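Numbering (this note's numbering), first residue to last: 338 to 475.
Note that the Cβ used here is the ideal one computed from N, Cα and C, for glycine as well.
None of these values were measured; they are calculated from a predicted model.
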């Protein structure tokens, strides 16, 4: 049994076939040019594939639809796997340790504790407010 409601089915919108083709072409071109960093020859087969993707994206983007759909489904599947893992790591690795430290130190940064003797819960400022304090807020 899970505490989370998975009944909603809000899927991310798939990008256009043309933009998919240009992004894949750029990625393949960058990967193909990486050997230049070490003084080696670039991968010409990769540059040819990048040129092919760019040409297809420019001339016949509808031909890229099956690959775009497959890429989109891969992204959705990876999201379902990695998102809970990343959120769990963030919660148990960052939020929970900070909360434990605050509890052990009995810290109350939001001043939420109830004080029967307090006349007011307003935070008093030491400096007087003037109109110039509010002129450039952002």
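Judged by DSSP in its simplified three-state form, residue 449 adopts coil rather than helix or strand. Spanning the alpha carbons of residue 376 and residue 447 requires a straight line of approximately 57 Å. The three-state secondary structure of residue 463, taken from DSSP, is coil. For residue 418, the number of other beta carbons within 10 angstroms of its own is below 16, and it is reported as exposed. DSSP, reduced to helix, strand and coil, places residue 369 within a helical segment of the structure shown.
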